[in-house]
Amino acid sequence: MPGALPRRILCLMPSRASFAILAALLLSLPFILYSGGFGLRGLTADLSGETRFFTTPLPNVLIFGHMVAGALVTLLAPVQLLPVTRRRDPRVHRVLGYVTLSAAALTGVFGLLYIALKGTIGGPLMSAGFALYGALLLLAAANTAYHALDKDRARHRAWALRLTVLALGSFLYRLHYWVWYAATGGAGSTEAFTGPFDLFNFTGFYLPYLVLLELWLRQERT
Ligand code: HEM
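Number 1075 marks the last residue of the sequence shown (this note's numbering); no jumps.
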């Protein structure tokens, strides 16, 4: 057809989904760099005068290790969804997949152990919200791996999408606070994390997005 773009070029052109993934990556990049950098510094230097997270060796490894692993998951889970990663060379997708799922497992396990040892700044309700978050991240990582090995592409895709929503959750937690403070000056939020906004955000950074994803997946199926 005259004027039509060759197929090879069309394949390389980003779709609407790719643009959305790239936008999410770009927005979360400062947080990914912050988390990775903070984690690496906590694992290699004495930050006792700088942050309340630096205490004794075991909790230090857990909290700073989870920050490094978490930064990797937040970066790699969306990258794995990009058509260019999935279609051009399946080996790249497979190797990155193992790295992403290992990082997700470390993030979840280290985060849960840290909560068991030290709790969270917001007390039992925040600890419960974050513990559920960690458990769901582990569930999504395990199912993504299982259905990939089982060669069930539809289920693998659905769980990979759930994993990505959860991977971005930690960034969304901070984004909610930034947007809320910019819009309201911090109404409903206290230093002790006891305000209605704080209570909402203990699970509000992942549960509503997971529900939206389930509705979208259901609509897609029908
Ligand atoms: C998914 C990627 C994740 C990233 C990038 C990440 C990153 C971070 C960072 C940077 C902090 C330090 C707080 C700050 O400076 O804002 C933090 C704190 C924390 N994270 Fe994560 N995290 C992730 C997932 C998780 C998961 C799945 C859990 C639960 C198992 C978890 C549990 C915690 C806890 C308990 C704290 C300390 C909360 C407090 O007492 O202030 N994180 N995380």
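Just so it is clear, CB atoms sit at the ideal spot from N, CA and C, and this is done for glycine as well.
| said: Using only CA atoms, which one of Phe872, Ala876, His919 lies nearest to serine 955? | reply: By alpha-carbon distance to serine 955, the top candidate from Phe872, Ala876, His919 is His919.
Requested in this report: Pull up the CB-CB distance for glycine 975 and aspartate 1051, whole angstroms please, since I reckon it's below 8 angstroms.
Outcome: Glycine 975 to aspartate 1051, Cβ: 6 angstroms. Contact.
Keeping to the same chain, check which residues put their C-beta closer than 6 angstroms to that of histidine 946; ignore five residues upstream and five downstream. Around histidine 946: Thr938, Arg939.
Alpha carbon to alpha carbon, how far is threonine 1017 from alanine 1045? About 30 angstroms.
Helix, strand or coil, according to DSSP, for glycine 1041 in the structure here?
Coil.
Burial state of tyrosine 999 (16 or more Cβ within 10 Å) = Tyrosine 999 should be labelled exposed.
**Item:** Residues near leucine 1077 by beta carbon distance below 8 angstroms, same chain, minus five either side
**Value:** Lying before the first or after the last residue shown, residue 1077 is absent from the chain, which here runs from 854 to 1075.
Closer than 7 angstroms: is that where the CB of histidine 919 sits relative to any heavy atom of the ligand HEM? Yes; taking the cut-off as 7 angstroms, the Cβ of histidine 919 has a heavy atom of the ligand HEM nearer than that.
> What is the rounded straight-line gap between the Cα of leucine 985 and the Cα of aspartate 942?
Replying inline: The alpha-carbon separation between leucine 985 and aspartate 942 amounts to approximately 35 angstroms.
Suppose the cutoff is 6 angstroms on Cβ atoms and the five residues either side in sequence are ignored; what does the same chain contact list for asparagine 1054 look like?
Residues His1029 of the same chain have their beta carbon placed closer than 6 angstroms to that of asparagine 1054, with the five preceding and five following residues left out of the count.
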